[in-house]
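See structure below.
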Amino acid sequence: MNLNSLYFDVVNYAIGLCIFITFMVAFYLVWVMNFSGTLLLEVPSESSLLEFFWTLLPSLLVLMLCFYNVSYVLKDFELIVNKSIKIIGRQWYWCYEFDEFNYDSYMTQLVNNVDKPLVLNHKISYRLLITSADVIHSFSLPDLGIKSDAIPGRINQVNLIPDYLGVFVGYCSELCGAGHSYMPIVVEVIK
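Written as structure tokens, this is what we have:
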């Protein structure tokens, strides 16, 4: 599932819900009151049963949303990781450290290209451990839905399962000095 389409689906749902609520409130006000402000319909001022449901239904809704949120957040912790890759941002290149080997990835003469891209296998789970050796960088791959800051002395973790084959280009999205624009990220997802 594309994250962008999911985002726009949620936004469209929220906009539709807001419009629906606005029309329902307007309809209720027209139904209950006339334009001079006098009530046309007798509205109960106190009702224990009504107040009970006004409290119960929103509480259940909030509990349901909390449950889905916690289960979504904990899904990353339950993920079985096949490989861990340590990604280190340096001025002005990226280092990739695997269990068996490591290498540096420098920009070439071609725009948005590097001499050694990060090669990942399709449908294999990875844990990306992102840090920096000097200044704050930001490891950003928009097409894979990844953006994580690389901060010296701190390791940020991102879990990734590449769903699509291809070459994905990213960039350092944190201004990190004069060579900031010379830090492209190229990830190649293969079978």
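Residue numbers are given in this note's numbering: position 44 of the sequence shown equals residue 1119, and the series is strictly consecutive.
All residues carry an ideal CB built from backbone N, CA and C; glycine is no exception.
(1) Looking at the structure shown, is Cys1251 part of a helix, part of a strand, or coil, going by DSSP?
(2) State the CB to CB distance for the pair Leu1195 and Val1262, rounded to an integer number of angstroms; the pair is presumed to be in contact (CB under 8 Å).
(3) Roughly how many whole angstroms lie between the Cα atoms of Asp1084 and Glu1175?
(4) Among Asp1179, Tyr1168, Asp1224 and Ile1211, which residue has its Cα nearest to the Cα of Glu1259?
(5) Out of Ala1208, Gly1241 and Asn1234, which one is the CA nearest neighbour of Ile1226?
(6) Suppose you measure from the CA of Asn1087 to the CA of Ala1101; what does that come to, to the nearest Å?
(7) Determine the extent of the beta strand (DSSP E) in which Leu1025 is found, giving its start and end residues.
(8) With a threshold of 8 Å on Cβ separation, who are the neighbours of Leu1104 within its own chain once the five nearest residues in sequence on each side are excluded?
(9) Return the residue from the list Arg1165, Asn1188 and Ile1221 that minimises the CA-CA distance to Leu1250.
(10) Quick check on the DSSP output: the beta strand (DSSP E) that includes Thr1206 runs from which residue to which?
(11) Where Val1242 and Tyr1082 are concerned, what is the direct C-alpha to C-alpha distance, given to the nearest angstrom?
(12) Report yes if the C-beta distance between Val1186 and Ser1180 is below 9 Å; otherwise report no.
(13) Would the beta-carbon of Lys1222 fall within 9 Å of that of Ser1248?
(14) Please report the straight-line C-alpha distance between Asp1218 and Ser1122, rounded to a whole angstrom.
(15) Here's a check: name, in chain order, each residue in its chain whose Cβ is nearer than 6 Å to the Cβ of Met1076, leaving out the five neighbours to either side.
Put simply:
(1) Coil, per DSSP.
(2) Between Val1262 and Leu1195 the Cβ distance is about 6 Å, and since that is below 8 Å, they are a contact.
(3) Approximately 42 Å between the Cα atoms of the pair.
(4) Inspection of the sequence shows that residue 1259 is occupied by Pro rather than by Glu. With respect to the C-alpha of Pro1259, the residue from Asp1179, Tyr1168, Asp1224 and Ile1211 having the closest C-alpha is Tyr1168.
(5) Residue Ala1208 is the option with its Cα nearest to Ile1226.
(6) Rounded to whole angstroms, Asn1087 to Ala1101 spans 21 Å at the Cα level.
(7) The question about residue 1025 has no answer here: the residues shown for the chain are numbered 1076 through 1266.
(8) Contacts found: none.
(9) Considering only alpha carbons, the answer is Arg1165.
(10) That run of the beta strand (DSSP E) goes Tyr1201 to Ser1207.
(11) Note on geometry: alpha-carbon atoms of Val1242 and Tyr1082 lie some 23 Å from one another.
(12) No, these two residues do not count as a Cβ contact at 9 Å.
(13) In this structure, Ser1248 lies closer than 9 Å to Lys1222 by Cβ.
(14) A direct Cα-to-Cα measurement between Asp1218 and Ser1122 gives close to 53 Å.
(15) Interpretation of Met1076 is limited by its pLDDT of 48, a score under 50 that renders its predicted location unreliable; the figure taken from the coordinates is listed afterwards. Excluding positions up to five away in sequence, the list is empty.
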